[in-house]
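Written out below as structure tokens is the structure these notes cover.
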Amino acid sequence: MAPSTLSAAFLIARKDLAIEFRTRTAFFSAAVFALLGIVIFYFAWDPTAVASIDLAPGVLWAIFTFSGLLGLQRSFGIEQADRAIDALLGAPITRESIYLGKAMANLVFVAAVQVIAIPAVQLFYGVPLLENAALLALIALLAAIGLVAVGTLFSAMAVNTKLAEMLLPVLSLLFFVPVVIPAAQATARLIAGRPGSEIVGWLKLLVAFDIVFVAACTLAFPFTIEE
Amino acid sequence: MITAQGLSRRFGGRTAVHDVTFSLAAGDVLAIFGPNGAGKTTLLRMLAGLLKPSEGTGSVAGVALPGGAELRAAIGYISHASMLYGALSARENIELAAKLFGVRDPRGISTRALERMELHDRADTPVRLLSRGMQQRVSIARATVHDPLVVLLDEPFTGLDDSGSAALGAHLAMLRATGTTLVLVTHSIAEGLALATHAAIMRDGALVRLEKGEAIDPATYLTVYREHVTHGA
Numbered sequence: 227m228a229p230s231t232l233s234a235a236f237l238i239a240r241k242d243l244a245i246e247f248r249t250r251t252a253f254f255s256a257a258v259f260a261l262l263g264i265v266i267f268y269f270a271w272d273p274t275a276v277a278s279i280d281l282a283p284g285v286l287w288a289i290f291t292f293s294g295l296l297g298l299q300r301s302f303g304i305e306q307a308d309r310a311i312d313a314l315l316g317a318p319i320t321r322e323s324i325y326l327g328k329a330m331a332n333l334v335f336v337a338a339v340q341v342i343a344i345p346a347v348q349l350f351y352g353v354p355l356l357e358n359a360a361l362l363a364l365i366a367l368l369a370a371i372g373l374v375a376v377g378t379l380f381s382a383m384a385v386n387t388k389l390a391e392m393l394l395p396v397l398s399l400l401f402f403v404p405v406v407i408p409a410a411q412a413t414a415r416l417i418a419g420r421p422g423s424e425i426v427g428w429l430k431l432l433v434a435f436d437i438v439f440v441a442a443c444t445l446a447f448p449f450t451i452e453e
Numbered sequence: 059m060i061t062a063q064g065l066s067r068r069f070g071g072r073t074a075v076h077d078v079t080f081s082l083a084a085g086d087v088l089a090i091f092g093p094n095g096a097g098k099t100t101l102l103r104m105l106a107g108l109l110k111p112s113e114g115t116g117s118v119a120g121v122a123l124p125g126g127a128e129l130r131a132a133i134g135y136i137s138h139a140s141m142l143y144g145a146l147s148a149r150e151n152i153e154l155a156a157k158l159f160g161v162r163d164p165r166g167i168s169t170r171a172l173e174r175m176e177l178h179d180r181a182d183t184p185v186r187l188l189s190r191g192m193q194q195r196v197s198i199a200r201a202t203v204h205d206p207l208v209v210l211l212d213e214p215f216t217g218l219d220d221s222g223s224a225a226l227g228a229h230l231a232m233l234r235a236t237g238t239t240l241v242l243v244t245h246s247i248a249e250g251l252a253l254a255t256h257a258a259i260m261r262d263g264a265l266v267r268l269e270k271g272e273a274i275d276p277a278t279y280l281t282v283y284r285e286h287v288t289h290g291a
């Protein structure tokens with residue numbers, strides 16, 4: 227009997243992560259990009275003009291957004307090489323399981339980049355990110371779910387076009403905005419030591435966007451891969 | 059096992075496959091010949107459930123096209139692209155397919171498939187390091203790991219040397235002997251006819267000639283093919 231949607235999604239996610247673990251191309255590119263971005267922002271920063279707690283959330287989320295795109299680009303790229311996508315589409319699994327599997331692998335990828343970038347931002351900007359690690363992890367996770375949900379769908383749409391490398395950021399960034407704004411706002415309040423009640427509203431907004439994006443993108447995915 | 063009745067497929071204003079009709083029983087082998095752009099791959103992808111027909115009806119293994127999971131479970135699809143992940147080993151590629159098809163004991167099945175393909179000594183080698191012939195054997199093992207009733211092959215001989223082609227031909231003959239229905243798209247008339255119980259020529263999206271059994275004359279078929287393709291007979 228063919229696996230359920232969730233079981234097939236886990237198989238696909240595990241396969242994608244195994245490939246990334248062996249090649250490490252996307253992860254190293256994204257990690258290096260994130261660290262270089264943080265360093266460049268640091269040297270362009272005038273601490274007498276802008277306080278670090280004002281700048282750091284913006285730097286953090288700009289870096290996450292762009293470095294995440296590097297992994298998302300590769301997500302369906304590995305399926306195009308040797309037309310491996312046809313083997314997935316020819317298997318007796320739901321189309322949704324392919325999307326969910328890809329999204330799960332991308333989530334792990336983005337989380338791994340975050341694990342490197344967050345301590346680097348704390349180191350360079352001297353902001354107390356890790357002192358509120360649990361809450362920051364929650365913000366990062368919720369934001370990553372939204373980014374990955376949208377990015378995975380657009381990666382599937384863009385991969386068959388000749389302009390895939392340009393099309394993915396153009397399509398994705400517009401839809402990243404509703405996720406990045408609450409994530410940056412929540413992070414800013416967190417490192418400014420504001421009360422939790424000021425953060426909860428932004429977290430609720432993140433959860434709402436996650437639900438909408440995950441549901442809408444899962445339903446839309448089968449139509450993006452039909453020829 | 060396979061029926062097609064007036065199958066057509068359009069992409070925008072272009073008709074890739076037009077009004078294709080044929081039927082095959084279990085164990086039949088249909089070899090389809092034709093120039094590039096004749097619609098052979100599009101026809102195969104419709105039979106595989108990867109493309110929806112624009113018009114016409116058809117069924118594969120008793121499931122109406124375009125079908126769903128039930129249809130895909132009955133089909134093995136092999137093309138000139140390996141459809142494998144280069145970073146994964148031969149065993150991992152086959153095991154993944156076995157799991158996605160819900161095969162019991164995927165590890166044991168993949169080991170037996172590798173032995174059958176004489177690849178057991180390269181089982182843990184990443185596919186990207188294997189020769190084209192070996193990759194094609196892995197691809198066949200991947201596509202047939204679930205014992206499909208129907209195997210669709212899109213130019214599987216492309217890029218294979220003589221020994222690779224002979225090994226592939228022998229494996230396809232074995233599949234035919236076990237009652238598997240094969241649809242084989244190929245440019246190689248000799249290799250196609252060596253297996254075929256049915257032979258067809260496609261041109262401009264249409265099936266312009268279809269013969270079966272003793273009506274197929276391998277000695278004159280190349281001439282017949284050229285007449286149909288070059289002169290539009």
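Protein sequences appear in the order of chains A and B. The first sequence runs 227 to 453 under the numbering used here. The second sequence runs 59 to 291 under the numbering used here. Note that the Cβ used here is the ideal one computed from N, Cα and C, for glycine as well.
ask   = Taking Leu102 of chain B as the reference, which of B:Thr255, B:Gly237, B:Ile136, B:Ile167 has the closest Cα?
value = One-based indexing of the second sequence puts residue 102 of chain B at position 44. Measuring from the Cα of Leu102 of chain B, the nearest candidate turns out to be B:Ile136.
ask   = Going by other Cβ atoms of all chains shown within 10 Å of its Cβ, with 16 needed for buried, is Lys328 of chain A buried or exposed?
value = Mapped onto the first sequence, residue 328 of chain A falls at position 102. That one is buried.
key: Chain-order list of residues whose beta-carbon lies under 8 Å from that of Ser147 of chain B (same chain, five-residue window excluded)   = The residue given as residue 147 of chain B occupies position 89 in the second sequence. For Ser147 of chain B, where only same-chain residues beyond five positions count, the Cβ hits under 8 Å are Ala181, Asp182, Thr183, Pro184, Val185.
request  = Give the C-beta separation of Ile304 of chain A and Ile238 of chain A to the nearest angstrom, bearing in mind that I take them to be a contact with Cβ-Cβ under 8 Å.
outcome  = Translated into the one-based positions of the first sequence, residue 304 of chain A becomes position 78. Translated into the one-based positions of the first sequence, residue 238 of chain A becomes position 12. That belief does not hold up - the Cβ atoms of Ile304 of chain A and Ile238 of chain A are roughly 11 Å apart, past 8 Å.
ask   = Quick one: does Ile324 of chain A have its CB under 8 Å from some CB of chain B?
value = As a position in the first sequence, residue 324 of chain A is number 98, starting the count at 1. False, the Cβ-Cβ gap to chain B never drops below 8 Å.
query = Rounded to a whole number of angstroms, what is the C-alpha to C-alpha distance between Leu393 of chain A and Ala84 of chain B?
reply = Residue mapping note: residue 393 of chain A aligns to position 167 of the first sequence, counting from 1. Residue mapping note: residue 84 of chain B aligns to position 26 of the second sequence, counting from 1. Approximately 46 Å, taken between the alpha carbons.
key: Cut-off 8 Å between Cβ atoms - residues of its own chain near Asp262 of chain B, not counting five sequence neighbours on either side   = For this step, residue 262 of chain B is matched to residue 204 along the second sequence. Excluding sequence neighbours, Asp262 of chain B sits near His76, Ala96, Gly97.
query = Between the beta-carbon of Leu251 of chain B and the beta-carbon of Ile274 of chain B, is there less than 8 Å?
reply = As a first step, residue 251 of chain B is located in the second sequence; it is residue number 193 there, counting from the start. As a first step, residue 274 of chain B is located in the second sequence; it is residue number 216 there, counting from the start. Yes.
ask   = Mind checking if Arg284 of chain B is an interface residue toward chain A, Cβ cutoff 8 Å exclusive?
value = For the purposes of this step, residue 284 of chain B is identified with residue 226 of the second sequence, where counting begins at 1. Chain A contact via Cβ: absent.
message = With a threshold of 8 Å between beta-carbons, can Arg190 of chain B be considered close to chain A, or not?
response = The sequence position of residue 190 of chain B within the second sequence is 132, counting from 1. No, Arg190 of chain B does not count as interfacial toward chain A.
key: Cβ of Asp141 of chain B within 8 Å of any chain A Cβ   = For the purposes of this step, residue 141 of chain B is taken as the residue at position 83 of the second sequence. First, the amino acid is wrong: residue 141 of chain B is Met here, not Asp. Yes, Met141 of chain B lies at the interface with chain A (some Cβ there is under 8 Å from its Cβ).
ask   = Any beta-carbon of chain B closer than 8 Å to the one on Val304 of chain A?
value = In the first sequence, the residue the question calls residue 304 of chain A occupies position 78. The sequence given here places Ile at residue 304 of chain A; Val does not occur at that position. It does; some Cβ of chain B falls within 8 Å.
query = Name the chain A residues whose beta carbon is nearer than 9 Å to that of Arg130 of chain B?
reply = Here residue 130 of chain B refers to the residue found at position 72 of the second sequence. Result: Ala228, Leu315, Gly316, Ala317, Pro318, Ile319.
ask   = Is the stretch 378-395 of chain A touching the stretch 280-300 of chain A in the sense that three or more CB pairs, one from each, lie closer than 8 Å?
value = yes
query = Leaving out five residues before and five after Pro408 of chain A in sequence, what residues of the same chain have Cβ atoms less than 7 Å from its Cβ?
reply = Counting from one through the first sequence, the residue named residue 408 of chain A turns up at place 182. The answer, listed in chain order, is Trp428, Leu431, Leu432.
ask   = Going by Cα to Cα distance, which pick from B:Leu65, B:Gly71, B:Leu105, B:Ser66 is closest to Thr239 of chain B?
value = Taking the first residue of the second sequence as position 1, residue 239 of chain B is located at position 181. Taking only the C-alpha atoms, the option nearest Thr239 of chain B is B:Leu105.
task = Within its chain, find whatever has a CB closer than 7 Å to the CB of Thr444 of chain A; leave out the 5 residues flanking it on each side and keep chain order.
result = By one-based count along the first sequence, residue 444 of chain A stands at place 218. For Thr444 of chain A, where only same-chain residues beyond five positions count, the Cβ hits under 7 Å are Glu322, Tyr325, Leu326.
task = Specify the secondary structure class of Val353 of chain A as computed by DSSP and reduced to three states.
result = As a working note, residue 353 of chain A is residue 127 in the first sequence. Looking at Val353 of chain A - three-state DSSP - the assignment turns out to be coil, as it is neither helix nor strand.
query = From this set, A:Gly372, A:Gly377, A:Val440, A:Leu362, which residue's C-alpha is nearest Arg415 of chain A's C-alpha?
reply = By 1-based counting over the first sequence, the position of residue 415 of chain A is 189. That would be A:Leu362, whose Cα lies nearest to the Cα of Arg415 of chain A.
request  = Run the CB neighbour count on Lys241 of chain A, radius 10 Å, all protein chains shown included, and call it buried at 16 or more, exposed below.
outcome  = Along the first sequence, one-based indexing puts residue 241 of chain A at 15. Flag for Lys241 of chain A reads buried.
query = Can the beta-carbon of Leu364 of chain A be found less than 8 Å from the beta-carbon of Phe380 of chain A?
reply = Here residue 364 of chain A refers to the residue found at position 138 of the first sequence. Here residue 380 of chain A refers to the residue found at position 154 of the first sequence. Against a cut-off of 8 Å, the Cβ pair of Phe380 of chain A and Leu364 of chain A comes out as no contact.
ask   = Which class does Tyr283 of chain B belong to by DSSP, given the choice of helix, strand or coil?
value = Within the second sequence, numbered from 1, the residue matching residue 283 of chain B stands at position 225. Correct three-state label for Tyr283 of chain B: helix.
ask   = If you scan the stretch 303-374 of chain A from start to end, which runs of the alpha helix (DSSP H) of 4 or more residues do you find wholly inside it?
value = 310-315, 321-351
request  = Output the boundary residues of the beta strand (DSSP E) element that contains Val209 of chain B.
outcome  = Taking the first residue of the second sequence as 1, we reach residue 209 of chain B at position 151. Residues 208-212.
inquiry  = Check whether chain A comes within 8 Å of Ala248 of chain B, counting only Cβ atoms and requiring the distance to be less than that.
reply    = Along the second sequence, read from residue 1 onward, the residue named residue 248 of chain B stands at position 190. False, the Cβ-Cβ gap to chain A never drops below 8 Å.
ask   = Going by Cα to Cα distance, which pick from A:Gly372, A:Val336, A:Asp312, A:Pro354 is closest to Pro283 of chain A?
value = As a working mapping, residue 283 of chain A is identified with position 57 in the first sequence. Among A:Gly372, A:Val336, A:Asp312, A:Pro354, the Cα nearest to that of Pro283 of chain A belongs to A:Pro354.
key: Limits of the beta strand (DSSP E) - the one that Asp77 of chain B falls within   = In the second sequence, residue 77 of chain B corresponds to position 19, counting from 1. Taken as a continuous stretch (DSSP letters only), the beta strand (DSSP E) holding Asp77 of chain B covers 72-82.
ask   = Fully enclosed by the stretch 75-126 of chain B, which alpha helix (DSSP H) runs are 4 residues long or longer?
value = 98-105
message = Counting beta carbon pairs with one atom in the stretch 274-294 of chain A and one in the stretch 416-424 of chain A, are three or more of them shorter than 8 Å?
response = yes
ask   = Which stretch, first to last residue, makes up the beta strand (DSSP E) that contains Tyr135 of chain B?
value = Your numbering for residue 135 of chain B matches position 77 in the second sequence. Unbroken beta strand (DSSP E) run through Tyr135 of chain B: 133-137.
ask   = Hey, does Ala234 of chain A have any beta-carbon neighbour from chain B nearer than 8 Å?
value = Within the first sequence, residue 234 of chain A is the residue found at index 8, counting from 1. It does: the Cβ of Ala234 of chain A has a partner Cβ on chain B nearer than 8 Å.
ask   = Less than 8 Å separating the beta-carbons of Gly271 of chain B and Thr288 of chain B?
value = Numbered from 1 along the second sequence, position 213 holds the residue referred to as residue 271 of chain B. Numbered from 1 along the second sequence, position 230 holds the residue referred to as residue 288 of chain B. Cβ atoms of Gly271 of chain B and Thr288 of chain B: not closer than 8 Å.
Residue nearest to Leu262 of chain A in terms of C-alpha spacing, selected from A:Val347, A:Pro404, A:Ala442, A:Thr450 = Position 36 of the first sequence, counted from the start, is the residue given in the question as residue 262 of chain A. For the residues A:Val347, A:Pro404, A:Ala442, A:Thr450, the minimum Cα distance to Leu262 of chain A belongs to A:Val347.
inquiry  = Residues in the same chain with beta-carbon distance under 8 Å from Ala412 of chain A, minus the five sequence neighbours each way, listed in chain order, please.
reply    = Position 186 of the first sequence, counting from 1, holds the residue named residue 412 of chain A. Excluding positions up to five away in sequence, the list reads Ile365, Ile425, Trp428, Leu429, Leu432.
request  = With 8 Å as the C-beta to C-beta threshold (strictly closer), list the residues of the stretch 157-186 of chain B near chain A in chain order.
outcome  = Lys157, Leu158, Phe159, Gly160, Pro184
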